[in-house]
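In the numbering used here, the protein residues as written are -11 to 148. Using N, Cα and C, we set each Cβ at its ideal position, and we do this for glycine too. Note sheet for the following structure.
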Amino acid sequence: MSDTQEIHNYPFDSIINFKKSGHSFSYKIIKEGTYPNKSLLAYTLPPNKYRIPDDYMVETTWGRSNNRCVVQCFINYIDNKPVFQIWFGKCFEHVVSSVRSATDVTNLFHKEYTSLKKTKTLGIYLFGLHLKTLEMAREGKRRAHILKPIDQCGNSTLTK
């Protein structure tokens, strides 16, 4: 049995709550993003190898009361490679970015944001790259784009 849980009514509500063994994150999906073509698609490192979307934006909240933290995470492919950004501060006026990985930019964020050097958060959790709900939504939209409208199909396609 898995010790993780996604609580949501997505896509009708943009909030996805994720709980995992004593940790919880709340994600407000601002831009769902899409998966690039297979030749350009990047993945997180093993063992999970999550697909990394393009044109993705999420507002992530975690922590308790006084230690609550809210950031906005962006992923955009530039020159066919993902660029990870975390915006933070009262009005999201500070930014850190990395072309290496979500975890690399998360570590940069912790160096900028907190003096507690032992604070660690995996980038996949800050960016929500592990969320099965979003993966299924993106996959469903990708499949919908693969199908041609019937008026654009030839006779051989229609008779199959």
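Rounded Cβ spacing between residue i and residue j (contact assumed at less than 8 Å)
i: Lys16; j: Ile(-5); result: Rounded, the Cβ-Cβ distance is 14 Å, inconsistent with contact.
Same chain, Cβ closer than 8 Å to residue i, neighbours up to 5 away in sequence not counted
i: Glu100; result: Phe76, His82 and Val84
i: Ala125; result: Tyr(-2), Pro(-1) and Glu20
Continuous beta strand (DSSP E) stretch holding residue i: start and end
i: Cys118; result: This sequence places His at residue 118; Cys is not what is there. Taken as a continuous stretch (DSSP letters only), His118 belongs to no beta strand (DSSP E), as it is neither H nor E.
i: Phe72; result: Lys69 to Phe76
i: Phe169; result: Outside the displayed range of the chain (-11 to 148) lies residue 169, so it cannot be described from this structure.
i: Tyr15; result: His11 to Lys19
Close-in-space but distant-in-sequence residues of the same chain around residue i (CB under 7 Å, 5 per side omitted)
i: Tyr38; result: Tyr31, Thr32, Ile112, Leu117 and His118
i: Ser86; result: Phe72, Asp92, Val93 and Leu96
i: Asp(-9); result: Lys8 and Ser9
Whether residue i touches residue j by CB criterion (8 Å)
i: Cys61; j: Ile74; result: yes
i: Asn68; j: Asp43; result: no
Neighbourhood of residue i by C-beta, 6 Å cutoff - its chain only, sequence neighbours within 5 removed
i: Thr121; result: Glu(-6), His(-4), Tyr(-2) and Ile4
Start and end residues, alpha helix (DSSP H) containing residue i
i: Thr91; result: Ala90 to Tyr101
Note to self: Count Cβ pairs between the stretch 48 to 57 and the stretch 20 to 33 that sit closer than 8 Å; are there 3 or more?
What the structure shows: Flag = no, the stretch 48 to 57 and the stretch 20 to 33 do not touch.
Notebook entry, point to check: Can at least three beta-carbon pairs, one atom from the stretch 90 to 98 and one from the stretch 108 to 115, be found at a separation below 8 Å?
Noted result: Remark: three or more beta-carbon pairs, one from each stretch, lie closer than 8 Å, so the stretch 90 to 98 and the stretch 108 to 115 are flagged as touching.
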